[in-house]
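Here's the structure we're looking at; comments come further down.
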Amino acid sequence: MSPDDVDRLRPMERDSRGKLQVHLVGFMGCGKSTVGLLLARRLVWNFLDLDVLIARHAGRLIAEIFADDGEAHFRQTETFVLRQATLKPRTVVALGGGAPVAAVNRELSAKTATSVWLRCDFAELQRRVGSAEAGTPGARPLWADPEAARSLFEQRQAIYAQADLTVDAEAPPAEVAASIETLLRS
Ligand code: S3P
């Protein structure tokens with residue numbers, strides 16, 4: 003970032019809903035982490051990636067937590083870490099794709115944040131995640147079987163739709179971040 007860019011920064015205190023956090027939700031591959039970082043820069047807010055916090059908390063990769071302890075244990079850790087993350091003001095949080103499924107997590111989001119759904123078609127998600135991930139150590143455990151991933155995607159649409167705001171996440175990440183900023187400031 004050049005000195006000129008620093009002069010142009012427009013720090014935001016609270017968003018137009020009075021919230022001090024933004025929670026990005028959506029299916030695996032919709033760009034929550036990439037867009038989250040860009041959005042945090044635009045707002046001059048912090049950025050947290052829930053999956054990174056979970057991995058740090060557990061001292062293991064997400065795939066290892068699933069393999070060693072199972073999904074239920076992963077979900078408990080996810081809620082624990084989300085609760086801690088909600089304490090930090092002026093923060094954009096990229097939630098894991100499954101986080102909003104649990105009512106307790108949705109309640110935490112509703113209390114502390116404006117939630118934004120990064121909506122994307124399954125075909126586009128598959129292009130982004132599907133083949134790139136197969137067999138890599140950091141691979142998303144719930145994408146191991148594309149047909150199972152598709153059915154999870156379908157089940158979750160109604161949950162993501164409960165977010166406060168929705169944006170088209172098929173656009174380039176910088177454009178998605180700019181659209182969210184406009185919605186948050188107006
Ligand atoms: C999951 C999504 C992943 C990660 C875990 C479970 C899900 O996060 O939390 O593998 O249930 O959709 P991303 O959405 O960041 O890939």
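If you count by my numbering, then the sequence shown holds residues 3 to 188, one letter each, in order. Glycine included, each C-beta is placed from N, C-alpha and C at the ideal position.
inquiry  = In the DSSP assignment, the beta strand (DSSP E) including residue 97 goes from what residue to what residue?
reply    = Taken as a continuous stretch (DSSP letters only), residue 97 belongs to no beta strand (DSSP E), as it is neither H nor E.
task = State buried or exposed for residue 33, treating a residue as buried only when at least 16 other CB atoms are found within 10 Å of its CB.
result = Classification for residue 33: buried.
key: Beta-carbon proximity list for residue 143, same chain, < 6 Å, skipping 5 on both sides   = 65, 68
message = residue 48 and residue 81 - do their beta-carbons sit closer together than 8 Å?
response = no
ask   = Starting from residue 69 and walking both ways along the beta strand (DSSP E), at which residues does that stretch end?
value = No beta strand (DSSP E) contains residue 69, which is instead part of the alpha helix (DSSP H) from 64 to 71.
ask   = According to the Cβ coordinates, are residue 31 and residue 119 closer than 8 Å?
value = no
message = Suppose contacts are defined by Cβ-Cβ distances below 8 Å. Is residue 105 in contact with residue 77 by that definition?
response = no
inquiry  = Alpha carbons only, please: which of 6, 173, 115 is nearest the one belonging to residue 89?
reply    = The option with the nearest alpha carbon to residue 89 is 115.
inquiry  = Is residue 148 close to the ligand S3P? I mean its beta-carbon at under 7 Å from any heavy atom of the ligand.
reply    = Relative to the ligand S3P, even the nearest heavy atom lies 7 Å or more away from the CB of residue 148.
message = Are there any heavy atoms of the ligand S3P lying less than 7 Å away from the beta-carbon of residue 161, as far as the coordinates show?
response = No, since every heavy atom of the ligand S3P falls outside the 7 Å radius drawn around the Cβ of residue 161.
task = Would you mind giving the Cβ-Cβ distance between residue 166 and residue 117, rounded to the nearest angstrom? I have them listed as a contact below 8 Å.
result = 5 Å
Per DSSP, the bridge partner or partners of residue 2 = The first residue shown for the chain is 3 and the last is 188, placing residue 2 beyond what the model contains.
inquiry  = Is residue 63 a contact residue of the ligand S3P, with contact defined as CB to any heavy atom under 7 Å?
reply    = no
Start and end residues, alpha helix (DSSP H) containing residue 41 = 34 to 45
request  = State the DSSP-derived secondary structure class of residue 88, mapped to helix, strand or coil.
outcome  = Note: residue 88 maps to coil in three-state DSSP.
ask   = If you measure from the CB of residue 144, is any heavy atom of the ligand S3P nearer than 7 Å?
value = yes
message = Cutting at 7 Å between CB atoms, please list the residues of its own chain near residue 126, excluding the five before and the five after it.
response = 172
inquiry  = According to DSSP, simplified to helix, strand and coil, what is residue 9?
reply    = helix
request  = Check the C-beta distance from residue 36 over to residue 175 and give it rounded, since I have them as a contact under 8 Å.
outcome  = 5 Å
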